[in-house]
Amino acid sequence: MNIPQDGRQYAPATQRNREPILAVLARVLKAHGNILEIASGTGEHAVFFAAHLKNSQWLPSDPNPLCRRSIQAWRANFPYNNLYPPINIDAREKVWKIEPNIPIHSIVNINMIHIAPWTAFLGLLAGANSILPAGGGILYLYGPYKQGENTAYSNLAFDQSLRRQNPDWGVRELDLVVEEAKIAGFQLREIVPMPANNLSLLFQL
Ligand SMILES: C[S@@+](CC[C@H](N)C(=O)[O-])C[C@H]1O[C@@H](n2cnc3c(N)ncnc32)[C@H](O)[C@@H]1O
-3 MNIPQDGRQY APATQRNREP ILAVLARVLK AHGNILEIAS GTGEHAVFFA AHLKNSQWLP
57 SDPNPLCRRS IQAWRANFPY NNLYPPINID AREKVWKIEP NIPIHSIVNI NMIHIAPWTA
117 FLGLLAGANS ILPAGGGILY LYGPYKQGEN TAYSNLAFDQ SLRRQNPDWG VRELDLVVEE
177 AKIAGFQLRE IVPMPANNLS LLFQL
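Numbering (the working numbering), first residue to last: -3 to 201.
(1) Bridge partners of R168, per DSSP?
(2) I believe D155 touches G166 by the beta-carbon criterion, under 8 Å. Please report the beta-carbon distance rounded to the nearest angstrom.
(3) Restricting to Cα atoms, I'd like to know which of A122, A148, T147 is closest to I103.
(4) Going by other Cβ atoms of all chains shown within 10 Å of its Cβ, with 16 needed for buried, is E89 buried or exposed?
(5) Run the proximity test for H48: is its beta-carbon closer than 7 Å to any non-hydrogen atom belonging to ligand 1?
(6) Assuming F154 is part of the alpha helix (DSSP H), what are its boundary residues?
(7) Can you tell me whether DSSP reads R14 as helix, strand or coil?
(8) How big is the Cα-Cα spacing for L197 and I134?
(9) Return yes when the C-beta of G37 is under 7 Å from any heavy atom of ligand 1, and no when it is not.
(10) Taking only runs that begin and end inside the region 58 to 84, name each unbroken alpha helix (DSSP H) of 4 or more residues, in chain order.
(11) Can you tell me whether I2 is buried or exposed? The criterion is at least 16 other CB atoms within 10 Å of its CB, across all chains shown.
(12) What are the boundary residues of the beta strand (DSSP E) that includes I34?
(13) By how many angstroms is the C-alpha of Y149 removed from the C-alpha of L32?
(14) Name the DSSP bridge partner or partners of M190?
(15) Would you be able to state if there are at least three C-beta pairs under 8 Å between the region 172 to 185 and the region 103 to 122?
(16) What separation, rounded to the nearest whole angstrom, lies between the Cα atoms of I94 and Q68?
(17) State the Cα-Cα distance for the pair D58 and F44, rounded to the nearest angstrom.
(18) What ranges does the beta strand (DSSP E) occupy inside the region 87 to 142, keeping only unbroken runs of at least 3 residues that lie completely in it?
(19) Tell me which residues share the same chain as T38 and place their Cβ nearer than 8 Å to its Cβ, disregarding the 5 neighbours each side in the sequence.
(20) G29: which of P82, Y141, N51, N107 sits nearest, CA to CA?
Quick look at the structure:
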């Protein structure tokens, strides 16, 4: 990622996936809801989604201070009044400190669980369970998945390159993700095939 003077970072994949993701979010997320994004990265998604989901409030977060600086810099360039400043949340933390202290209706997590240890996914489920409203809270995941023998070749290759970088990373098996989410209280509502062999997973508490 390039880091210009004002701290804004650029992840080219966000330009390619933001429109298809927006189409799903606009359909499945509650209008007028407060959306917490876990692992916002550069912040490019946050400004794009806040611009298009005008009836929602978007709260970005990331544990990496350089990412939070980037999100803040993007926000300074696009100061939408439905986009909050980024907060520091590591999904593995037992208690997520939400600032401002607003009710969260949905959680969005894009391209994290394969580039983080499995414990980050378990933490995401536990944290989401603790802050989302029972009987309606939405957890949205986007990324590549393994699907047994039907796994796309590009995802197998990606899995191997991730594991070479860090043995705790790797493209996750869809069945295990769904099973673990179920144990944490989330029902799988929908799987939406996305471009480039990615999936959108929609869970409900
Ligand atoms: C590949 S980037 C994706 C960023 C952004 N969602 C996107 O699609 O461009 C992975 C992000 O996950 C974040 N991350 C890694 N481990 C995390 C954790 N335990 N809790 C929350 N975020 C984490 C990283 O800081 C990074 O911003």
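Just so you know, even glycine gets a beta-carbon here, dropped at the ideal spot from N, CA and C.
These figures come from a predicted structure and were not determined experimentally.
Put simply:
(1) Here the question's residue 168 lines up with position 172 in the sequence shown. Y141.
(2) Position 159 of the sequence shown, counted from the first residue, corresponds to residue 155. Position 170 of the sequence shown, counted from the first residue, corresponds to residue 166. D155 to G166, Cβ: 5 Å. Contact.
(3) As a working mapping, residue 103 is identified with position 107 in the sequence shown. I103 has its Cα closest to that of A122, out of A122, A148, T147.
(4) Here residue 89 is taken as the residue at index 93 of the sequence shown, counted from 1. Exposed, by the Cβ-count rule.
(5) Within the sequence shown, the letter at position 52 stands for residue 48. No, the Cβ of H48 stays beyond 7 Å of every heavy atom of ligand 1.
(6) The sequence position of residue 154 within the sequence shown is 158, counting from 1. Unbroken alpha helix (DSSP H) run through F154: 149 to 161.
(7) Reading the sequence shown from its first residue, position 18 is the one you call residue 14. Helix, per DSSP.
(8) Within the sequence shown, residue 197 is the residue found at index 201, counting from 1. Within the sequence shown, residue 134 is the residue found at index 138, counting from 1. Between L197 and I134, the C-alpha separation is close to 10 Å.
(9) Position 41 of the sequence shown, counted from the start, is the residue given in the question as residue 37. Yes.
(10) 61 to 73
(11) In the sequence shown, counting from the first residue as 1, residue 2 sits at position 6. One point to set straight first is that residue 2 is Asp, not Ile, in the sequence displayed. D2 is exposed by the Cβ-count criterion.
(12) Counted from its first residue, the sequence shown places residue 34 at position 38. Segment 30 to 34, the beta strand (DSSP E) holding I34.
(13) Position 36 of the sequence shown, counting from 1, holds the residue named residue 32. Position 153 of the sequence shown, counting from 1, holds the residue named residue 149. If you take the alpha carbons of L32 and Y149, they lie about 32 Å apart.
(14) The residue you call residue 190 lines up with position 194 of the sequence shown. M190 pairs with N194.
(15) yes
(16) Along the sequence shown, read from residue 1 onward, the residue named residue 94 stands at position 98. Along the sequence shown, read from residue 1 onward, the residue named residue 68 stands at position 72. When only Cα atoms are considered, I94 and Q68 end up about 17 Å apart.
(17) Locating residue 58 in the sequence shown gives position 62, counting from the first residue. Locating residue 44 in the sequence shown gives position 48, counting from the first residue. Looking at the two C-alpha atoms, the distance is approximately 17 Å.
(18) Restricted to the region 87 to 142, the beta strand (DSSP E) segments that are unbroken, complete and at least 3 residues in length are 102 to 106, 134 to 142, listed in chain order.
(19) Sequence index remark: in the sequence shown, residue 38 carries index 42 (1-based). These residues qualify, in order along the chain: M(-3), R4, Q5, Y6, A7, T10, C63, S66, I67, W70.
(20) In the sequence shown, counting from the first residue as 1, residue 29 sits at position 33. That would be N51, whose Cα lies nearest to the Cα of G29.
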